[in-house]
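The number in the numbering used here is simply the position in the sequence shown, starting from 1, with 108 added.
No residue lacks a Cβ here, since even glycine has one placed at the ideal position from N, Cα and C.
Since this is a predicted model, take the numbers as computed values, not measurements.
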Amino acid sequence: MARSLFVTFALGMPDIIQLLPDSIANQIAAGEVVQRPSSAVKELMENAIDAGATSIKLIVKDAGKALLQVIDNGQGMSETDARMSLERHATSKIRTADDLFRLRTMGFRGEALASIAAVSQMEMKTRLANEELGTLLVVEGSEAKKQELTACEKGTSISIKNLFYNIPARRNFLKSNGVEMSHITEEFQRIALANPAISFSLIQEDELVLDLPSSKLSQRIVNLFGKNYQSQLAPVQEETSLLKITGYIGRPELAKRKRGEQFIFVNNRFIRNNYLGYAVTSAYEGLLQENHFPFYAMFVEIDPKHVDVNVHPTKTEIKFDDERSVYGVVWSAVKQALGSHNLAPAIDFNADVNLMNKVSTQPLSRDQYYDEQFSSLNRSNLQNWNKLYEQESGTSRLFEKTELKTTVRLESAVNKPNEVSTESEKGIFQLQQRYIVRASRNGVLFIDQQAAHERVLFEKYLLQLKGVAGNSQQSLFPQTLTMNAADFALTLEMEREIQALGFKFEVFGKNTLLISGTPTDVHGSEKELFEGLIEQFKKNQSELQLPIKENLAQALAKRASIKTGQKLSPEEMEGIAGTLFACNTPNFTADGRPTFFTLDSSKIENYFTR
Ligand code: ADP
Ligand code: MG
109 MARSLFVTFA
119 LGMPDIIQLL
129 PDSIANQIAA
139 GEVVQRPSSA
149 VKELMENAID
159 AGATSIKLIV
169 KDAGKALLQV
179 IDNGQGMSET
189 DARMSLERHA
199 TSKIRTADDL
209 FRLRTMGFRG
219 EALASIAAVS
229 QMEMKTRLAN
239 EELGTLLVVE
249 GSEAKKQELT
259 ACEKGTSISI
269 KNLFYNIPAR
279 RNFLKSNGVE
289 MSHITEEFQR
299 IALANPAISF
309 SLIQEDELVL
319 DLPSSKLSQR
329 IVNLFGKNYQ
339 SQLAPVQEET
349 SLLKITGYIG
359 RPELAKRKRG
369 EQFIFVNNRF
379 IRNNYLGYAV
389 TSAYEGLLQE
399 NHFPFYAMFV
409 EIDPKHVDVN
419 VHPTKTEIKF
429 DDERSVYGVV
439 WSAVKQALGS
449 HNLAPAIDFN
459 ADVNLMNKVS
469 TQPLSRDQYY
479 DEQFSSLNRS
489 NLQNWNKLYE
499 QESGTSRLFE
509 KTELKTTVRL
519 ESAVNKPNEV
529 STESEKGIFQ
539 LQQRYIVRAS
549 RNGVLFIDQQ
559 AAHERVLFEK
569 YLLQLKGVAG
579 NSQQSLFPQT
589 LTMNAADFAL
599 TLEMEREIQA
609 LGFKFEVFGK
619 NTLLISGTPT
629 DVHGSEKELF
639 EGLIEQFKKN
649 QSELQLPIKE
659 NLAQALAKRA
669 SIKTGQKLSP
679 EEMEGIAGTL
689 FACNTPNFTA
699 DGRPTFFTLD
709 SSKIENYFTR
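Right, here's the structure in full:
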C-alpha cells in the first residue's frame with residue numbers, strides 16, 4: 109500500500125534536487141568557518157604555522173574590514189597547489205580517515221581557504237624555495253580573476269580585502285572596529301603564545317604594534333603581557349602516562365577582574381574547555397580574591413587518539429575520551445606549581461624564616477633541603493619535630509648556612525620577626541581542640557590541626573614512596589589478614605609501595621596475608637591499619653584522581669594524622685605549624701581541604717573602625 113503511494117508521488121513530481129554550485133556551497137560553509145575577521149586571521153596564521161614558517165607577519169587595516177594580510181616564510185606552494193588550495197575539502201594534511209586520529213597539524217578540514225575566498229577579494233602570492241618564480245592568484249567570491257607567474261619572496265602571502273563584500277547582511281553585522289580588533293588581537297596572542305620559537309609581528313594601520321622575536325615561552329609571555337609578569341610566573345610541569353603538562357601560571361596577585369588571560373592549549377591548539385578551566389581555578393582555591401581570574405598558559409600534550417578536535421569547524425572545542433583524568437592531572441599540576449613556589453600567602457607567617465630558606469637554593473638545593481628535613485622526621489616523632497622547628501625557625505643557624513640572595517622585601521621580612529615579635533606575640537594556643545591559633549607577622553594564623561598534620565604526613569610518606577625507605581616496627585605477634593579477592597589483588601599490585609610505607613607482609617595462603625610490621629609512627633593493630641589503608645585507598649580512587657603513590661600516601665596520612673578533638677601541647681602545636689610550613693604545598697591537604705588561613709590585621713582593624 110505504502111509502496112504504491114510512493115510510486116504515484118514519484119511519477120507525479122518533476123525532479124527538483126540539484127547539487128549547489130561550488131561558489132554557493134563555499135559561501136554556506138564560510139558561515140561556519142569565517143564568522144568575523146579574526147576567524148580569517150586564525151585560519152591564515154595556522155596555515156602559515158603548518159607550512160613550517162619561522163617568521164609570520166600580520167597586517168591589519170580597519171580592524172580587518174578593509175585588509176587582512178598574512179605573510180609567512182614557510183614552504184610555499186606550487187602553481188597547481190595554489191589553485192587547488194582554494195577548492196573545498198582540498199588539503200595536504202590528511203589523506204585517510206585514520207589520519208584524523210594522528211593529527212599533528214592545526215588544519216585538516218581543507219575548507220578554510222575555500223570559505224574565505226568565497227566571501228572576500230583574495231590575493232595570494234606563493235613561491236616554493238627551489239623555484240625561481242612564484243604564483244599570483246586573484247580570486248573574488250570564489251571566482252578566479254587572475255593567475256600568473258610572479259617574482260615574490262619564498263613562502264606565502266595571502267591578503268583578504270573587503271571581507272563579506274558580497275554578503276551585506278554579514279558585513280553589517282560586524283561590530284565596531286574596537287571590538288573586531290580585540291578579537292583579532294586575541295587570536296594573534298593565542299597563536300604567538302603557542303609558538304614562542306616563531307617570530308611574529310603585528311602591523312596595524314601601517315604601524316608596528318607588536319614585534320615578537322623568537323624566544324622561550326616565559327620571555328614570550330613577558331613580551332606579550334608586560335614586564336611585570338617576569339617575576340610573577342611559576343612554571344607548571346607534570347607528566348603521567350596519559351599526558352604531559354607544561355607552561356606557566358601567574359601568582360595570585362596577578363589575577364585580574366576581567367577574564368582574558370587564561371590559555372589552555374592541547375597539542376598546541378588553543379581550546380575552550382570550561383571543565384579544564386575550572387580545574388585550574390579550583391586549584392587556586394583560597395588564594396584569589398572574589399571575582400578575580402588568574403593568568404595561566406598551560407600546554408597539554410596528549411596522544412591525539414585520546415582527543416577529538418573534529419567537534420566544531422573552528423576546532424576550539426574538543427573532546428577527551430577520559431576527561432576526568434585530564435582534569436585531575438591539570439588540577440594537581442597547578443596545585444604543585446602554586447605550592448612549590450610559595451605563591452601562597454604562607455609568606456606572611458611569623459616563622460616564615462623557614463620559607464625564606466626554601467626560596468633560596470644555595471647551598472642546599474630544594475630537594476636536599478626536604479630530604480634532610482624529612483629523613484630526620486623519619487627518625488623521629490612529634491617531640492623531635494619541635495627541635496627541628498626550633499632549630500630552623502627560631503635561630504639564625506640556617507641563615508648562616510644559606511646565602512640569602514633575595515629581594516628587599518624578603519630581607520625585611522627576615523629581619524622583622526626579631527624586631528617586632530614580643531613574647532606575647534609568639535603565643536600559641538588551641539581552639540576547640542581543633543585549631544591551632546597563633547600570631548603572625550600580618551595578623552592571626554588559624555591552622556586546622558588535622559588537615560595540617562595530614563599534609564605533613566602526606567609529603568613525608570610520598571618521599572618514602574619515592575625512594576627514602578620507610579621505617580617499620582616489627583610486630584611481636586604477626587597477624588594474618590584474609591581479604592576478598594579484589595582487595596587481595598589490589599594489595600599485591602601495590603606490594604612494593606605498601607612495603608615502602610613501612611608495612612611488612614607476605615602472602616600466607618589464599619587471599620591471606622601475614623603482616624609482621626607496620627610504619628613506626630602509626631598506631632593501631634596491624635590488621636586494622638592495613639584494612640584501613642586499603643579502604644581509604646579505594647575511597648580515594650573513586651573520589652580523587654590521584655596517582656597510586658599519592659593516593660597511598662594520602663590514605664595513610666589520613667589514618668595516621670592527629671585528629672580533631674585531640675588535645676595538643678604548645679610544643680606539639682609548634683611542631684605541626686613548623687613542619688606544615690616546611691611542606692611543598694602547605695596550603696591544602698592532598699584531597700584539597702585548606703590547612704590554614706590568616707586573618708589580616710587590616711581585616712581585624714576593620715572590625716574596630718566605625
Ligand atoms: P587545511 O589547512 O585544513 O588543510 P586550508 O583551506 O586552510 O585547509 O588550506 C588548504 C591547503 O592549502 C593546505 O592543506 C595547504 O596545503 C595549503 N596552504 C594553505 N595555506 C598555506 C601556506 N600559508 N603555506 C603553504 N601552504 C598553504
Ligand atoms: Mg588551514
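Give me, in chain order, the residues of the same chain whose beta-carbon lies closer than 7 Å to that of P360; leave out the 5 immediate sequence neighbours on both sides.
Y392, L395, L396, P402, L451
Report yes if the C-beta of E195 is less than 6 Å from at least one heavy atom of the ligand MG; otherwise report no.
No, since every heavy atom of the ligand MG falls outside the 6 Å radius drawn around the Cβ of E195.
When you compare the CB positions of Q558 and T672, do they come within less than 7 Å of one another, or not?
yes
Helix, strand or coil, according to DSSP, for A594 in the structure here?
Here A594 sits in helix by DSSP.
Using a Cβ-Cβ cut-off of 6 Å (strictly less than) and excluding sequence neighbours within five positions of K150, which residues of its own chain qualify?
E295
Looking at the ligand MG, does it come within less than 6 Å of N155, judged from the CB to the closest heavy atom?
yes
My assumption, with CB atoms under 8 Å, is that T703 sits in contact with R546. Please give the rounded CB distance.
Contact between T703 and R546 does not hold, since their C-beta atoms are separated by about 14 Å, which reaches or exceeds 8 Å.
Is it buried or exposed for I712, if we count other Cβ within 10 angstroms and need 16 for buried?
Counting C-beta atoms within 10 angstroms of its own C-beta, I712 has fewer than 16 neighbours from the protein chains shown and is therefore classed as exposed.
Residue from A159, E315, T693 whose Cα sits closest to the Cα of G182
A159
Is P627 helix, strand or coil when you go by DSSP?
strand
Pick from D206, V615, S250, E239: whose alpha carbon is nearest that of M192?
S250
4 or more residues per run - each alpha helix (DSSP H) lying fully within the segment 313 to 376
Along the length of the segment 313 to 376, whole alpha helix (DSSP H) runs at least 4 residues long occupy 325 to 333, reported in chain order.
Test item: CB-CB of T188 and T234 under 7 Å:
Taking 7 Å as the Cβ cut-off, T188 and T234 do not qualify as a contacting pair.
DSSP has Y569 in a bridge; who is on the other side?
In DSSP, Y569 forms no bridge with anything.
Straight-line Cα distance separating K675 from V467:
Any reading at V467 must be qualified, since the residue scores a pLDDT of 31, below 50, and its modelled position is unreliable; no value is offered.
Please report the straight-line C-alpha distance between T575 and I670, rounded to a whole angstrom.
Checking the displayed sequence, the identity of residue 575 turns out to be Gly instead of Thr. Spanning the two alpha carbons is a distance of roughly 25 Å.
Identified DSSP bridge partners for L622
T588, E614
In three-state terms, what does DSSP make of L127?
coil
For the ligand ADP, is there any heavy atom lying closer than 6 Å to the beta carbon of M185?
Because some heavy atom of the ligand ADP lies under 6 Å away, the Cβ of M185 counts as near it: yes.
Please classify E720: is it buried, with 16 or more other beta-carbons within 10 angstroms of its beta-carbon, or exposed?
Only positions 109 to 718 of the chain appear in the structure, and residue 720 is not among them; the question remains open.
Contact set for K146: own chain, Cβ-Cβ below 6 Å, skip 5 residues either direction
In the sequence on display, residue 146 carries Ser and not Lys. Cβ within range, chain order: H291, I292, E295.
D460: buried (16+ other C-beta within 10 angstroms of its C-beta) or exposed?
Its pLDDT being 28, under 50, D460 is placed unreliably by the model, and nothing is read from it.
The beta strand (DSSP E) enclosing L245, as first and last residue numbers:
242 to 248
Assuming I410 is part of the beta strand (DSSP E), what are its boundary residues?
404 to 410
Taking all protein chains shown into account, do 16 or more other C-beta atoms lie within 10 angstroms of the C-beta of G447, making it buried, or fewer, making it exposed?
buried
Could you check what DSSP says for M681 in three-state terms: helix, strand or coil?
helix
Where P702 falls: helix, strand or coil (DSSP)
P702: strand per DSSP, three-state reduction.
Can you tell me the Cα-Cα spacing of P321 and I306, whole angstroms?
7 Å
What do you get for S633, buried or exposed, if any count of 16 or more other CB atoms within 10 angstroms of its CB means buried?
It counts as exposed.
Take E347 and list the residues in its own chain whose beta-carbon comes closer than 7 Å to its own, dropping the five residues that flank it on each side.
none
Helix, strand or coil at K671 [DSSP, three-state]:
coil
Three-state secondary structure (DSSP) of E261
DSSP places E261 in coil when its eight states are reduced to three.
So, does the segment 564 to 572 touch the segment 688 to 701, judging by three or more C-beta pairs under 8 Å?
yes
Own chain partners of P678 with C-beta closer than 6 Å, once the 5 adjacent residues on each side are dropped:
I536
Less than 7 Å between the beta carbons of E58 and S267, yes or no?
No statement about residue 58 is possible, as the shown extent of the chain runs from 109 to 718 and does not include it.
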